[in-house]
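J.: In our numbering, the protein residues as written are 576 to 916. A virtual CB, placed ideally from N, CA and C, is assigned to each residue, including glycine. Model, not experiment: these values are computed from the prediction. Take a look at the following structure, please.
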């Protein structure tokens with residue numbers, strides 16, 4: 576059986592590692608700077624003692640550098656004891672804006688030092704060539720040799736610059752990849768911090784549902800054993816839809832939702848047709864009332880006529896017709912129109 580994972584211990588361990596090894600540009604560059612400083616020290620120890628001109632140049636450069644304000648990113652200029660104590664402050668104060676300002680500052684400082692060095696060396700060589708015994712005379716051929724040598728050195732410098740550019744591009748791509756991995760790890764830590772609580776809640780809900788299902792089954796067994804007439808529990812227990820897996824249950828639920836949606840559509844259609852049907856019903860009710868009234872009147876007249884005939888009395892219409900005929904004969908006789916036969 577697999578050993579359960581302690582999410583809280585794992586999360587605490589990852590948080591501790593993240594806090595003990597923060598992601599910082601200078602912290603990542605420490606191995607590179609240490610290697611570079613070691614190589615530089617080895618080259619300086621193997622080099623020849625510097626000439627007085629170089630000593631003067633270095634003295635001027637050190638004097639110029641001593642007037643500069645200390646920068647936050649001058650980690651290599653601190654002593655080993657100070658670097659160990661001030662490393663956290665240096666990391667916490669560094670931001671991309673300060674790094675850009677430091678880069679611009681050191682570029683400007685390097686330009687000034689380079690100009691000062693070239694000026695000092697040129698002056699010393701010129702004075703040495705004048706005051707030397709015998710004076711140093713440079714011919715055109717010497718200048719051509721120096722130009723060829725300078726061209727080769729420039730080509731070598733350009734090649735080294737291209738190598739440095741390639742290395743910088745590779746470092747940048749690796750830095751971007753590292754940043755993406757760092758973001759992924761940070762998101763994973765957030766998920767690891769959130770998921771265990773959700774798992775605990777789901778386990779609690781599953782336990783509650785299982786307890787509820789067990790209680791319902793117990794009630795059903797008690798109902799069947801007592802011979803109750805309530806068949807709903809048995810129908811629910813024997814219903815195959817209640818014992819489906821998750822996939823078929825989801826399909827059955829979707830089909831039922833589709834059927835409900837179709838019924839809702841038909842109900843809406845009937846509701847829209849309801850006012851017209853109501854008006855037709857009202858119109859038919861009015862026509863039916865008029866027809867009912869006419870039928871009742873006709874039935875009343877027919878019953879009255881039958882009653883009179885059965886009683887042997889003369890009909891009022893027959894008397895009225897005889898009166899009209901008599902009146903017509905009198906008027907014709909008075910007017911001399913003659914009496915119709």
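Taking the alpha-carbon of residue 764 as reference, which of 898, 584 and 589 has the nearest alpha-carbon?
T.: 589
J.: Would a C-beta distance cut-off of 8 angstroms place residue 710 and residue 716 closer than the cut-off?
T.: Against a cut-off of 8 angstroms, the Cβ pair of residue 716 and residue 710 comes out as no contact.
J.: With distance defined between alpha-carbon atoms, name the residue in 617, 820, 773 and 793 nearest to residue 582.
T.: When each option's Cα is compared against that of residue 582, the closest is 773.
J.: The alpha helix (DSSP H) with residue 850 in it runs from where to where?
T.: 821–886
J.: What's the gap between the Cα of residue 842 and the Cα of residue 853?
T.: 16 angstroms
J.: Pop quiz: residue 819 and residue 827 are said to be a contact at Cβ under 8 angstroms. What is the actual Cβ separation, rounded to whole angstroms?
T.: Their Cβ separation, rounded to whole angstroms, is 7 angstroms, which keeps residue 819 and residue 827 in contact under 8 angstroms.
J.: Taking the CB atoms as reference points, tell me whether residue 777 and residue 586 lie closer together than 8 angstroms.
T.: For the 8 angstroms CB-CB criterion, residue 777 and residue 586 do not form a contact.
J.: Can you tell me where the alpha helix (DSSP H) with residue 588 in it begins and where it stops?
T.: 582–595
J.: Where does residue 714 sit, in a helix, a strand or coil, going by DSSP?
T.: In the structure shown, residue 714 sits in coil (DSSP, three-state: anything other than H, G, I, E or B).
J.: Is DSSP giving residue 726 helix, strand or coil here?
T.: helix
J.: Quick one: grab the DSSP three-state call for residue 683.
T.: helix
J.: Helix or strand or just coil, what does DSSP make of residue 708?
T.: coil
J.: Under a three-way DSSP split, which group does residue 912 fall into?
T.: coil
J.: Rounded to whole angstroms, what is the Cα-Cα separation between residue 761 and residue 746?
T.: 22 angstroms
J.: Alpha carbon to alpha carbon, how far is residue 832 from residue 846?
T.: 21 angstroms
J.: Rounding to the nearest angstrom, what Cα-Cα distance links residue 840 and residue 748 in this structure?
T.: 58 angstroms
J.: What is the rounded straight-line gap between the Cα of residue 912 and the Cα of residue 859?
T.: In this model, residue 912 and residue 859 are separated by some 55 angstroms (Cα to Cα).
J.: Measure the alpha-carbon distance for residue 591 versus residue 674 and round it to whole angstroms.
T.: Spanning the two alpha carbons is a distance of roughly 27 angstroms.
J.: Residue 736 to residue 730, Cα distance in whole Å?
T.: In a straight line, the C-alpha of residue 736 is about 10 angstroms away from that of residue 730.
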